[in-house]
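> The structure follows.
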Amino acid sequence: MQNAAPTPAKLSMNQVLLCGALIVTLSMGIRHGFGLWLQPITMERGWTRETFAFALAIQNIAWGAAGPFAGMLADRFGAFRVLLVGALLYALGLVLMALSTSGLAFTGSAGLLIGLAQSGTTYAIVYGVIGRNVAAEKRSWAMGVAAAAGSFGQFLMVPVENWLIAGTGWQNALFYLALAALLILPLAFGLREPKGQAVAGHQQSIGQALREAFGYRSFQLLMAGYFVCGFQVVFIGVHMPSYLKDHGLSPQVATYALALIGLFNVFGTYAAGTLGQRIPKRYLLSGIYALRSVAIVAFLLAPLTPMSVYIFSAVMGVLWLSTVPPTNAVVAQIFGVQHMSMLGGFVFFSHQIGSFLGVWLGGKLYDASGSYDIVWYLAVALGVGAALINLPVREGAIARPQLATP
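Those letters in the sequence shown? Residues 1140 to 1545, per this note's numbering, in order.
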């Protein structure tokens, strides 16, 4: 009788969640407050809002475009190396962002470099490690924990960044954030997977995995829905501080609003991950997108006061990144975890195309019309569309022909 093959060594779930959550906290927390730099940078450099917005639009599209390749490398060689490079690029991008004196240089640093850094330090990379090291019955919950950590980073970092800008100036604040980004380096060791860790079951090449995914209708629908998610959250995250200041509210209201989004997103993402274990994820996603549109309409119709801003921020916070755990869990559920970081990267690329348009159109249409109204209306219409297109998603594992036994 032949001996059974040894079970591949895995990282402990607690270790993966702790280190992964802290990495996402730093990476997502730093970027969440970038809207606080819009007015001080554009005023000191004499740039238009479109210049700043275009750089962040490039950041989002670079993040999305590089995501699948970062995912391929993480799936093939492990997340550890990708995280190391991502952390170094993050710190370098923040330093050069502070030193940029032209729109082109700012686009290269705040846009391209930081976008590349985020592709190697955020959800797709961390979720790949979770998928390979956490049991399927706990996977959606674990992804919710990691997403909640990113949300806590938003809550934590926004007031810190506002305090740094006020106390040290916007340039020095970016230098301090560069040091914070380097903390990802030691945390990456906690996600260093054992050599030779294998994924059980059907083995695919990268080409086979891509052909299968892009030819599958539910994958296409998930990508389309995630596009809307990116459009909405990045437009609001970057432009809402300026929108509130334009309407006479104090800068502190914007700071508290972004912090509330981060705080309530902790609960929203954790709840989404937990609910994803109990109800069909397509219904969960559809409900999230529909409620976002309702929240935006209510915000635009209500009198604009600090209290209405805080209520809107709390509601949007619950819905903010709550799409992340169920979307990635569905990808793993359909296709398995062998190429999860790569496929998650492609889904996220669609998210970032939406992010690019949301942040860029916010600046472009504001400069053209003096108002953000058109982009708010677009965000509502897209949310309704996303609610509808997620309903037909099929969550079951894809049927594959059995490999021939040699």
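Positions of the beta carbon are idealized from the N, C-alpha and C atoms, including for glycine.
Run through DSSP, which three-state label would residue 1178 get?
Looking at residue 1178 - three-state DSSP - the assignment turns out to be helix.
> Do the CB positions of residue 1416 and residue 1279 come within less than 8 Å of each other?
Closer than 8 Å, so yes.
> Can you have a look at residue 1385 and say buried or exposed, based on whether 16 or more other CB atoms are within 10 angstroms of its CB?
Classification for residue 1385: exposed.
> Under a three-way DSSP split, which group does residue 1529 fall into?
Reduced to three states, the DSSP call for residue 1529 is coil.
> Which one of 1371, 1272, 1264, 1251 has the shortest CA to CA distance from residue 1521?
If we check each option's Cα against that of residue 1521, 1371 comes out closest.
> Rank 1259, 1527, 1212, 1375 by C-alpha distance to the C-alpha of residue 1203 and give the top, closest one.
Closest option to residue 1203, Cα to Cα, is 1259.
> Residues in its own chain within less than 7 Å of residue 1270 by CB, not counting five upstream and five downstream?
So the list reads 1278, 1471, 1476, 1479, once near-sequence residues are dropped.
> How many Å lie between residue 1390 and residue 1378 at the Cα?
Cα to Cα, the separation comes out at about 13 Å.
> Looking at the structure shown, is residue 1186 part of a helix, part of a strand, or coil, going by DSSP?
Three-state result, residue 1186: coil.
> Given this structure, state the Cα-to-Cα distance separating residue 1526 from residue 1367, to the nearest angstrom.
Near 10 Å, if we compare the C-alpha coordinates of residue 1367 and residue 1526.
> In this structure, does DSSP put residue 1380 in helix, strand or coil?
In the structure shown, residue 1380 sits in a helix (DSSP, three-state: H, G or I).
> Grab me the residues of residue 1149's own chain with a C-beta within less than 6 Å of its C-beta, minus the 5 sequence neighbours each way, in chain order.
Cβ neighbours of residue 1149 beyond the five flanking positions: 1272.
> Give the single residue among 1329, 1281, 1349 whose Cα lies nearest to the Cα of residue 1485.
Nearest C-alpha to residue 1485: 1349.
> Tell me the start and end of each unbroken alpha helix (DSSP H) in the segment 1209-1253 that is at least 4 residues and wholly inside, in chain order.
Entirely contained in the segment 1209-1253, the alpha helix (DSSP H) runs reaching 4 residues are, in chain order, 1218-1238, 1242-1245.
> Residue 1469 and residue 1322 look like a contact to me (Cβ under 8 Å); what is the Cβ gap, rounded to whole Å?
Between residue 1322 and residue 1469 the Cβ distance is about 31 Å, and since that is not below 8 Å, they are no contact.
> Which first and last residues belong to the alpha helix (DSSP H) in which residue 1457 is found?
That run of the alpha helix (DSSP H) goes 1445-1458.
> Rounded to the nearest angstrom, what separates residue 1357 and residue 1239 at their Cα positions?
Distance between the alpha carbons of residue 1357 and residue 1239: 43 Å.
> Residue range of the alpha helix (DSSP H) that residue 1426 falls in?
Here the alpha helix (DSSP H) through residue 1426 covers 1420-1440.
> I'd like to check one pair, residue 1283 with residue 1428: are the Cβ atoms closer than 8 Å?
No, they are not a contact pair.
> Check whether chain C comes within 8 Å of residue 1374, counting only Cβ atoms and requiring the distance to be less than that.
The structure shown contains no chain C; it holds only a single protein chain.
> Quick check: what's the CA-CA separation for residue 1329 versus residue 1436?
Distance between the alpha carbons of residue 1329 and residue 1436 is about 43 Å.
> For residue 1289 versus residue 1167, is the C-beta spacing smaller than 8 Å?
Yes, the Cβ-Cβ distance between residue 1289 and residue 1167 is below 8 Å.
> What beta strand (DSSP E) runs, 3 residues minimum, are completely inside the segment 1456-1532?
None, since the segment 1456-1532 contains no complete beta strand (DSSP E) of that length.
> If you compare alpha carbons, which of 1155, 1287, 1264 is closest to residue 1404?
Nearest C-alpha to residue 1404: 1287.
> Only counting the same chain, and skipping five residues up and downstream in sequence, which positions put a Cβ closer than 6 Å to that of residue 1313?
Once the five neighbours on either side are set aside, the close Cβ partners of residue 1313 are 1233, 1236, 1237.
> Out of 1308, 1267, 1227, which one is the CA nearest neighbour of residue 1317?
Of the candidates 1308, 1267, 1227, the one whose C-alpha sits nearest the C-alpha of residue 1317 is 1227.
> Beta carbon of residue 1512, beta carbon of residue 1189: below 8 Å?
Not in contact: residue 1512 and residue 1189 (Cβ atoms no closer than 8 Å).
> Quick one: give me the first and last residue of the alpha helix (DSSP H) that residue 1411 is part of.
From DSSP, the alpha helix (DSSP H) with residue 1411 extends over 1390-1414.
> How long is the line joining the alpha carbons of residue 1196 and residue 1494, rounded to whole angstroms?
Computed Cα separation, rounded: 7 Å.
> Where residue 1160 and residue 1285 are concerned, what is the direct C-alpha to C-alpha distance, given to the nearest angstrom?
The alpha-carbon atoms of residue 1160 and residue 1285 are separated by roughly 5 Å.
> Within 10 angstroms of the Cβ of residue 1266, are there 16 or more other Cβ atoms? Answer buried if so, exposed if not.
Its Cβ being crowded by 16 or more others within 10 Å, residue 1266 is buried.
> Taking all protein chains shown into account, decide if residue 1531 is buried (16 or more other Cβ within 10 angstroms of its Cβ) or exposed.
Burial call: exposed.
> Could you tell me the alpha carbon to alpha carbon distance between residue 1247 and residue 1538, rounded to whole angstroms?
Approximately 44 Å, taken between the alpha carbons.
> Give the straight-line distance between the Cα atoms of residue 1498 and residue 1193, rounded to the nearest whole angstrom.
Distance between the alpha carbons of residue 1498 and residue 1193: 7 Å.
> Of the residues 1333, 1393, 1249, which one's Cα is nearest the Cα of residue 1214?
Checking every option, the nearest Cα to that of residue 1214 belongs to 1333.
> Quick one, which of 1373, 1430, 1162, 1422 has its alpha-carbon nearest residue 1500's?
When only C-alpha atoms are compared, the closest one is 1373.
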